[in-house]
Amino acid sequence: MGKNKMIEAKEEKPRRRNFLKALWISLGLVALGEFILMILSFFRPALKKETGSTQQRLIDAGTTDTYTPGTVAAFVTGQFYLVCLEDGGFLALSSKCTHLGCAVPWDKEQQKFICPCHASQFDISGNVLSAPAPRALDLFKISIVNKKIRVDINNRIKRNRFNRSQAVYPETVALGKAVKK
Ligand code: FES
190 MGKNKMIEAK
200 EEKPRRRNFL
210 KALWISLGLV
220 ALGEFILMIL
230 SFFRPALKKE
240 TGSTQQRLID
250 AGTTDTYTPG
260 TVAAFVTGQF
270 YLVCLEDGGF
280 LALSSKCTHL
290 GCAVPWDKEQ
300 QKFICPCHAS
310 QFDISGNVLS
320 APAPRALDLF
330 KISIVNKKIR
340 VDINNRIKRN
350 RFNRSQAVYP
360 ETVALGKAVK
370 K
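Just so you know, we're using our numbering here: the sequence shown kicks off at 190 and counts up by one.
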């Protein structure tokens, strides 16, 4: 073996070592990248689900100034009525009868809810006018921020009778904290 060939063989070894080192580092980085992607994809569906359920839960019911006191608006998809009381307070009444759960329509002529199943009747605030319904129509939680009304249809509130503290006024933010100015 000539002198030149021996020098070349000596230089070849560190070059090969450097190449292998670079290869291992590259493979390590690829594996790390895949691991990070796996972790992210594990969490992403959960985040999507959360957003979806939040959107489903909160129904945008418009702004307070579009409602006239003493009127009832039906929200078919949310299965509730948004009632604007004579004093400007709002209630979100479940459309399910508290007797056996039939859908209760609002009778504008008679100004009451009349159940088609067993004839229970409720006034505009959901109070029972005639049995067999055992208690007032359930409520859904309302929030009013900057005049925008939102109804949380996953937050059902059972009650025996209507009382004024259940109404939400434009100045308030949540059911039960009604302070009319
Ligand atoms: S379900 Fe409404 S009165 Fe029976």
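Ideal placement from N, C-alpha and C gives every residue a C-beta, glycine not left out.
- In the DSSP assignment, L318 falls within the beta strand (DSSP E) that extends over 317-319.
- For T260, the enclosing beta strand (DSSP E) covers residues 260-264.
- Burial state of C306 is exposed, judged by a 10 Å Cβ sphere holding fewer than 16 other Cβ atoms.
- Under the 10 Å beta carbon count, W295 is surrounded by 16 or more other beta carbons and is classified as buried.
- In the three-state DSSP reduction, Q300 falls in the coil class, being neither helix nor strand.
- A heavy atom of the ligand FES is found nearer than 7 Å to the CB of C304.
- For L326, the distance from the CB to the nearest heavy atom of the ligand FES is not below 7 Å.
- With a threshold of 16 other beta carbon atoms within 10 Å, K330 meets it and is buried.
- DSSP, reduced to helix, strand and coil, places S332 within a strand of the structure shown.
- Its chain contains A325, R350, F351 as the residues whose beta carbon lies nearer than 7 Å to that of N316, once the 5 sequence neighbours on both sides are disregarded; these appear in chain order.
- Judged by the Cβ position, S309 qualifies as a neighbour of the ligand FES at the 7 Å threshold, a heavy atom of the ligand being closer than this.
- Listed in chain order, the non-local C-beta contacts of Y256 below 6 Å within the same chain comprise C273, local neighbours out to five positions each way being set aside.
- The nearest non-hydrogen atom of the ligand FES is 7 Å or more from the C-beta of L247.
- Of the heavy atoms belonging to the ligand FES, none sits nearer than 7 Å to the Cβ of A263.
- Taking a 10 Å sphere around the C-beta of G267, we find 16 or more other C-beta atoms and assign the residue as buried.
- The beta carbon of G251 sits closer than 7 Å to those of I338, all from its chain and outside the five residues before and after it, given in chain order.
- Note on geometry: alpha-carbon atoms of C286 and V357 lie some 22 Å from one another.
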